Amino acid sequence: MKPDVCLEVSFEAGNKVGGIYTVLVSKARHMKDIYGDNYYAIGFYNKNNLKDFDEVETPKEFKKIFTELEKEGIKCFFGKWISAYDANLILLDTKEFREKIVQGMRNVDFIKKEFWDKFKVDSLRTGFDYDEPLAWSYAVGMLIEKIFENKIFSGNIVCQFHEWLSGGAILYLVDKKIPVAKVFTTHATRIGRAKSSAGENLMEEVETGLKINKIMSDDEAYRFNLEAQHKIEKLCAHMSEVFTTVSEIVAEEAAYILGKKPDVITINGLDLSKYPSTRTMMVLHEKYREKINEFLSAYFSPYYSIENMKNNIVFFISGRYEFFNKGVDLFIEGLAKLNENLKKKKSNKTVFAFILIPSGIKGPRQDLLEALLKYEEIKDLVDDSLNSIKDEVVEEIVNGREVKIDNIIDENFKIKSKILSRLFRSKSDVAPLCAFELSYDNDMILSALQKHGLNNKKDDRVKVIFYPTYISVTDGLLSMDYEEFVLGSSMGFFPSKYEPWGYTPFETAALRTLMLTTDVAGFGVELMKECKDDKCIENRVLRVKGRSREEIIKDMARIMEWCVELDKEVRVMEKVKTRQLVERFDWSIQISNYLRAHELALERIKSIAK
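The numbering used here numbers the first residue of the sequence shown as 171 and each following residue consecutively.
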């Protein structure tokens, strides 16, 4: 039984916060292919994040509903989601609804009391990060109730909810007994994230628990002050007609933490048709590598000369500042081991490793800004001289005279170049580790780099640049966006110890850049299923499960060295192979899982109605 209408509810619909936004935007074209103009995304109205939202006149069928909701303090905005192929988008501003006084208390507190009385959701210790999505999702439930009661649509409706943040809507609809088909998708459990962030071995705990048919006690949530979020998440998994997770890893996590196995695994995808061809990628790689190399020259040349820049290697790691969760510690220790190995081999290759992890900054380093300006001056000086030099060289050659560069380059150029060269050089012979001034002391990344001997000395074969801001065309240093940087790089490393899916390595592979994920990431597990031949993934999926730290770091360094030693032709072939590995994760294939979940939810709600 196929649904006719889909209402997709997420706090990130039209409101870019994290990975769920990527899920929604990348699959929107296929959702529209299935549901046509009957596909509606419902999101949170964030007045500071509306660049994706093109507000249009409210359709007449919604005007009455929106007016009624506004009387409750809920302002609804109708428009098109620009990044999501102009999908219909309804945004709810629930600030007034949240704060209005009901029976002598804030409305959000009244909702909390209601959920305690009806569902035993203990929210006594919650704050604004709980209140805001709770009030918003409760209001979404009211909106869906009115859509259903006013018979806005004549066909079958399915409601697709993402994460606990939308859970208030599910509980509202269950309480009001609104017979709409509900699909609840969790992208990662709240407790799973918390345990992993605290350094606990979540995967081992889950595996051990499931082996003996044990379910995590809800009391564990109190240890992390997440009892309310956990309870809502668990209730939604059990009360929705269909429960889904985005990977097998989250499926096992949910079975242990929520006591519920998913009905369907809705694997994440990308719209790969949006990415350029291999030929275009190769051209773009050369273009953006040149830009990265210019930055590296300006960064390091004041301290010592960098030989053979065009043949050097660029690695990177990116993501949130979760030092252990994201495997930043493993990346740094792998680089240290690689540095030792390359020194021993007397390699002439230099590896430049960027750590693209945002943190608190005051701004770019002043000495680096000055070096970049001087570098541009040097380029301008050379560019200005090239035309006149070219004419003189041509004249010397056609007249049969020997070309003597000293005679061609004028004195003005020689004087200016000497002055700029002197100004460009630093008195220090150790390049900085960080491109920005941090707004705090005692940074974990910098401490780890120093501890493991990565100090950016001249004889280091691995040089590190900690880049603690979101890379963008306006950042004042690299001045390129993230995708351009990835295209210009050699390989991206994402050695996560907890990763429910892993969009960053997936997107890196889609761009035909070499990447590394792990066997404890949802994406990594799917790659291992895709590749029956170990050689296919031995340099793309780092084995973490069941291995000692020493073994993991040794293997990380081996993979890094493999990339360093690849010749140009083989590297291009490996990039193409990397892209081929992710072809089956295109939404044109994976969207069928969502449709299956929607059809199953509709069948179940219809059978209950009978």
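For every residue, glycine included, the Cβ atom is placed at its ideal position computed from N, Cα and C.
On a predicted model such as this, the values are computed, not experimentally measured, just so you know.
inquiry  = Just to confirm the assignment, what range does the alpha helix (DSSP H) spanning F248 have?
reply    = Premise fails: F248 lies in the beta strand (DSSP E), K245 to W251, not in any alpha helix (DSSP H).
ask   = Short check: CB of A541 to CB of A468, under 9 Å?
value = yes
ask   = Can you check whether the CB of L526 is closer than 9 Å to the CB of A680?
value = Going by C-beta atoms, A680 is not nearer than 9 Å to L526.
Contact belief for A771 with T436 at Cβ below 8 Å, rounded distance in angstroms = 12 Å between Cβ atoms; not a contact.
Euclidean distance between Cα positions of I244 and N218 = 18 Å
query = Taking DSSP as the reference, what is the three-state secondary structure of E669?
reply = strand
inquiry  = By the three-class DSSP mapping on this structure, what secondary structure does D756 have?
reply    = Here D756 carries a strand assignment [DSSP, helix/strand/coil].
query = Any chance the stretch 677-694 sits against the stretch 647-664, with 3 or more Cβ pairs inside 8 Å?
reply = As far as the Cβ criterion goes, the stretch 677-694 touches the stretch 647-664, which means the pair count is three or higher.
task = Pick out the complete beta strand (DSSP E) segments inside the stretch 244-301, 3 residues or longer, and give them in chain order.
result = 245-251 and 257-263
ask   = Relative to the C-alpha of D301, which residue among F181, K221 and G379 is closest?
value = F181
task = Pull up the distance between the alpha-carbon of N709 and that of K747, whole angstroms please.
result = 12 Å
ask   = Could you give the C-beta distance for N511 and E731, rounded to a whole number, given that I count them as a contact under 8 Å?
value = 6 Å
task = Could I get the ranges of all uninterrupted alpha helix (DSSP H) runs contained in the stretch 694-738, with 4 residues as the minimum, in chain order?
result = Taking 4 residues as the minimum length, the alpha helix (DSSP H) runs contained wholly in the stretch 694-738 are 704-707 and 719-735, in order along the chain.
query = Per DSSP, which one or two residues make a beta bridge with L428?
reply = Paired residues: none, contrary to the question.
ask   = Going by other Cβ atoms of all chains shown within 10 Å of its Cβ, with 16 needed for buried, is L782 buried or exposed?
value = Nothing in the structure corresponds to residue 782, since the chain is present only between 171 and 780.
key: DSSP three-state assignment for Y610, whether helix, strand or coil   = Reduced to three states, the DSSP call for Y610 is coil.
ask   = Helix, strand or coil: which one does DSSP assign to F232?
value = helix
inquiry  = Let me make sure I understand the geometry here. Which of W286, R749, V179 and K230 has the alpha-carbon closest to that of L262?
reply    = V179
ask   = Quick one: is I641 buried, meaning 16 or more other Cβ sit within 10 Å of its Cβ, or exposed?
value = buried
query = Where in the stretch 447-513 do unbroken runs of the alpha helix (DSSP H), each at least 4 residues long, occur, reported from the N-terminal end onward?
reply = 448-470
request  = Specify the secondary structure class of L177 as computed by DSSP and reduced to three states.
outcome  = strand
message = If distances are taken between C-alpha atoms only, which option among S488, P665 and G716 comes closest to F636?
response = S488
Reduced DSSP secondary structure (H/G/I, E/B, other) of K633 = strand
query = On the three-pair Cβ rule with 8 Å, is the stretch 225-237 touching the stretch 184-204?
reply = Contact between the stretch 225-237 and the stretch 184-204 is absent, because fewer than three Cβ pairs lie under 8 Å.
key: Outcome for N185 when other beta-carbon atoms lying within 10 angstroms are tallied against a minimum of 16   = The residue is buried, with at least 16 neighbouring Cβ atoms inside 10 Å.
request  = Taking all protein chains shown into account, decide if Y210 is buried (16 or more other Cβ within 10 angstroms of its Cβ) or exposed.
outcome  = buried
ask   = Does DSSP put Y445 in a helix, a strand or coil?
value = coil
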